[in-house]
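Per my numbering, the sequence shown starts with residue 216, numbered consecutively.
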Amino acid sequence: MNNKILYFDCSSGVSGDMLLGSLMGAGCDFKKWRDVMETLPLAGWSASIKKVKRGGLAGSKFTVKITSPQPRRNLPQVERIIKKSKLPKAVKERAIGVFNRLAQAEARAHGIGVDEVHFHEIGAVDSIIDIAGVCLAVHMLGPERILFSALNLGSGEVKTAHGILPVPAPATAELIKGIPVYQSDAGAELTTPTGAALAAELSDGFGPMPQMEVLSAGSGAGDMELPGRPNLLRAFIGRNGERKDGPGGYEEDQVTLIETNIDDMDPRVYEYVMERLLKAGALDVWLTPIIMKKSRPAATFSALCAHDNVSAIVDVIMEETTTFGVRVSEGRRYKLAREFLEAKASGMKVRVKVGKRGGRALKAVPEYEDAKLAADRTKTPLKDILTGFHVPLK
216 MNNKILYFDC SSGVSGDMLL GSLMGAGCDF KKWRDVMETL PLAGWSASIK
266 KVKRGGLAGS KFTVKITSPQ PRRNLPQVER IIKKSKLPKA VKERAIGVFN
316 RLAQAEARAH GIGVDEVHFH EIGAVDSIID IAGVCLAVHM LGPERILFSA
366 LNLGSGEVKT AHGILPVPAP ATAELIKGIP VYQSDAGAEL TTPTGAALAA
416 ELSDGFGPMP QMEVLSAGSG AGDMELPGRP NLLRAFIGRN GERKDGPGGY
466 EEDQVTLIET NIDDMDPRVY EYVMERLLKA GALDVWLTPI IMKKSRPAAT
516 FSALCAHDNV SAIVDVIMEE TTTFGVRVSE GRRYKLAREF LEAKASGMKV
566 RVKVGKRGGR ALKAVPEYED AKLAADRTKT PLKDILTGFH VPLK
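Here it is in structure tokens:
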């Protein structure tokens with residue numbers, strides 16, 4: 216795990232060129248990016264990046280220039296272009312995934328077959344570069360998780376090949392299903408179909424910026440000036456998770472606590488649910504007796520997990536318990552660095568977990584399952600196995 220997070224602030228909407236500008240500003244090497252992109256079997260284009268100002272703030276404006284006439288292309292043609300390039304396999308798959316989303320959205324919006332969709336607006340050279348380019352830039356930056364804010368759709372109308380349409384355009388309206396969005400009084404389209412498709416395909420989640428240590432940031436500029444707000448999409452690259460430089464020599468990481476109060480479930484079910492949660496990746500699971508309203512005896516069911524496992528943990532709780540909802544809170548954890556050694560107890564090998572702070576061992580605890588096995592095989596009391604080992608602490 217590299218614990219790197221890429222977070223996009225889409226308070227001024229999202230489009231392919233804005234995403235690319237923000238990624239270049241956040242640290243993607245434009246020259247290396249361009250060298251790989253030029254392996255696309257696609258003539259008649261060039262790309263540039265320059266500093267501009269929007270609403271008095273600086274940003275990076277990414278521009279694709281078309282240097283020769285281009286045909287309209289359908290999905291199979293676009294897929295062939297991407298597959299024939301020397302883009303990394305993961306980038307090809309992601310880019311094709313974005314175009315599939317676009318084709319399906321256009322097909323649903325206009326009541327036609329997917330292969331009948333011609334990308335006259337969103338699938339010409341500029342959008343092939345935008346979509347494949349964003350997927351490549353993200354790949355080059357190498358985040359473990361990609362998160363987006365809620366998307367600002369804008370308002371008003373937009374000119375398209377199908378005439379003047381309300382914002383969000385029909386294809387965008389299809390693409391944002393299941394995504395948190397809102398409209399502002401911008402009087403313009405802020406989230407384009409390309410931007411919505413990229414957000415839907417790339418994102419591991421939507422919402423406010425998570426707690427993280429910001430390592431770099433970049434702002435991608437849109438084409439127009441907006442009233443009352445800078446037309447910029449911001450990308451933040453940060454680190455979340457284990458840190459070796461926590462206070463006092465402890466390791467530091469971020470964890471999520473998921474809880475619910477239950478007063479109407481057969482108590483025999485708890486053991487099964489707890490086992491499922493641990494298999495799903497929970498770091499710890501526990502029950503706390505409580506008294507709820509109307510003096511009902513109940514339990515607070517708690518699960519601790521890494522942020523990446525929140526969805527899986529919530530799914531288990533919702534499926535296997537009687538609750539209708541859970542509480543979720545983020546927290547910081549300080550812990551000892553851990554090292555596993557082998558020791559002998561009653562002549563048998565037992566794994567021992569050693570806890571260290573700043574390189575100095577503070578405690579050693581035998582692994583319970585190993586100790587239980589040793590006790591069973593040697594007919595030795597378990598309490599003697601648990602206390603009968605020796606590991607020198609250094």
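No residue lacks a Cβ here, since even glycine has one placed at the ideal position from N, Cα and C. Note that this is a predicted model, so its numbers are computed, not measured.
Straight-line Cα distance separating residue j from residue i
i	j	result
residue 501	residue 549	20 Å
residue 439	residue 228	12 Å
residue 307	residue 295	10 Å
residue 529	residue 393	17 Å
residue 454	residue 430	7 Å
residue 526	residue 533	11 Å
residue 310	residue 291	13 Å
residue 531	residue 259	52 Å
residue 266	residue 372	29 Å
residue 447	residue 269	7 Å
residue 252	residue 464	44 Å
residue 244	residue 344	16 Å
residue 346	residue 262	13 Å
residue 425	residue 599	46 Å
residue 238	residue 419	17 Å
Residues bridged to residue i [DSSP beta-bridge criterion]
i	result
residue 536	Residue 536 pairs with nothing; no bridge assigned.
residue 550	466
residue 424	Per DSSP, none; premise fails for residue 424.
residue 410	The partner list for residue 410 (beta bridge, DSSP) is empty, contrary to what the question assumes.
residue 511	507
residue 278	263
residue 268	273
residue 476	515
residue 520	471
Identity of the residue in the options nearest residue i by Cα
i	options	result
residue 478	464, 512, 451 and 499	512
residue 374	516, 339, 403 and 311	403
residue 224	330, 329 and 445	445
residue 382	399, 394 and 395	399
residue 421	563, 331, 583 and 367	367
residue 481	490, 452, 536 and 503	536
residue 370	441, 341 and 419	441
residue 358	257, 242, 304 and 226	242
residue 559	575, 505, 590 and 604	604
Cβ-Cβ separation, residue j to residue i (assumed contact under 8 Å), whole Å
i	j	result
residue 561	residue 595	5 Å
residue 579	residue 565	So it is not a contact: roughly 11 Å between Cβ atoms.
residue 287	residue 333	4 Å
residue 300	residue 255	4 Å
residue 361	residue 417	5 Å
Test: residue i CB closer than 8 Å to a CB of chain C
i	result
residue 506	Among the chains in the structure shown there is no chain C, since it carries only a single protein chain.
At least three beta-carbon pairs within less than 8 Å, the stretch 518–530 to the stretch 491–501: Contact annotation: the stretch 518–530 touches the stretch 491–501, with at least three C-beta pairs closer than 8 Å.
Three CB pairs or more closer than 8 Å across the stretch 545–559 and the stretch 431–443: With the cut-off at 8 Å, the stretch 545–559 and the stretch 431–443 do not touch.
Given 8 Å, three or more beta-carbon pairs between the stretch 315–326 and the stretch 257–275: Two segments are said to touch when three or more pairs of C-beta atoms, one from each, lie closer than 8 Å; by this definition the stretch 315–326 does not touch the stretch 257–275.
Sufficient close CB pairs (3 or more, under 8 Å) joining the stretch 231–242 to the stretch 348–362: Judged by Cβ distances under 8 Å, the stretch 231–242 makes contact with the stretch 348–362, as three or more pairs qualify.
The stretch 530–545 contacting the stretch 472–484, beta-carbon criterion three pairs below 8 Å: Counting Cβ pairs under 8 Å, three or more are found: they touch.
Three or more C-beta pairs below 8 Å linking the stretch 403–423 and the stretch 375–390: Yes, they touch.
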